[in-house]
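Novice:
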Amino acid sequence: LKPNIINKKYLNNYQLQDIRIDKNKLNLLKRGKIKPEKILDLHGLTSVEAKRKTIEFTTINFNLGLRLLLIITGKGKMKINDINREDLKTGVLRKSLKSWLYESDLRPNILGVVSSHISHGGEGAFYVYLKNNKIL
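In our numbering, the protein residues as written are 9 to 144.
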């Protein structure tokens, strides 16, 4: 296999490689038992604005020592003409969020990005679980 193929497969398949959250914590997240410490809502923003805000928000909160963030992307709109196209059924922000975070300088500080519990937005929102940043 060529290195490029392996690299692309790795970038497109976040779920197996990039969730480094322990099983108990992940179970609590999936059941909505842990309350997010900060929330960012990206509704109404362009892709460029949303990317900038997401990285800025995550960086600031990591530096403050917070662990669990909730980023609301929304599910996205589907145009009537696009009903039969599977690739257009998710919104641009929702589809891009993980790549923005994992391809940024924040990657080593992120333990996982997973869909949120229905009580926190369900498929239209994501938990971003950060490493413990001990502030002296």
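Ideal Cβ placement from N, Cα and C applies to all residues, glycine included.
On a predicted model such as this, the values are computed, not experimentally measured, just so you know.
According to the neighbour-count rule (16 or more other Cβ atoms, all chains shown, within 10 Å of its Cβ), is L72 buried or exposed?
Specialist: Within the sequence shown, numbered from 1, the residue matching residue 72 stands at position 64. Flag for L72 reads exposed.
Novice: Using a threshold of 8 Å, state whether the C-beta atoms of L36 and R75 are closer than that.
Specialist: As a position in the sequence shown, residue 36 is number 28, starting the count at 1. As a position in the sequence shown, residue 75 is number 67, starting the count at 1. Against a cut-off of 8 Å, the Cβ pair of R75 and L36 comes out as no contact.
Novice: By Cβ distance, which residues of its chain are closer than 6 Å to I29, with the 5 residues on each side in sequence left out?
Specialist: Your numbering for residue 29 matches position 21 in the sequence shown. So the qualifying residues of the chain are L119, G120 and Y137.
Novice: So what does DSSP say about G132, is it helix, strand or coil?
Specialist: Counted from its first residue, the sequence shown places residue 132 at position 124. If DSSP states are grouped into helix, strand and coil, G132 belongs with the helices.
Novice: Secondary structure at L74, three-state DSSP: helix, strand or coil?
Specialist: For the purposes of this step, residue 74 is identified with residue 66 of the sequence shown, where counting begins at 1. L74: coil per DSSP, three-state reduction.
Novice: From the DSSP output, in three-state form, read off K33 for me.
Specialist: Counting from one through the sequence shown, the residue named residue 33 turns up at place 25. The answer is helix: DSSP assigns K33 an H, G or I state.
Novice: Looking only at C-alpha atoms, which of S55, K31, K41 and K59 sits nearest to H128?
Specialist: Start at 1 with the first residue of the sequence shown, and residue 128 comes out as number 120. Comparing Cα positions, the closest option is K41.
Novice: Kindly indicate which three-state DSSP category I126 falls into: helix, strand or coil?
Specialist: Counted from its first residue, the sequence shown places residue 126 at position 118. Here I126 sits in helix by DSSP.
Novice: Please report the residue range of the beta strand (DSSP E) in which L101 lies.
Specialist: Counting from 1 along the sequence shown, the entry for residue 101 is found at position 93. Note, L101: premise wrong, no beta strand (DSSP E); alpha helix (DSSP H) at V100 to Y110.
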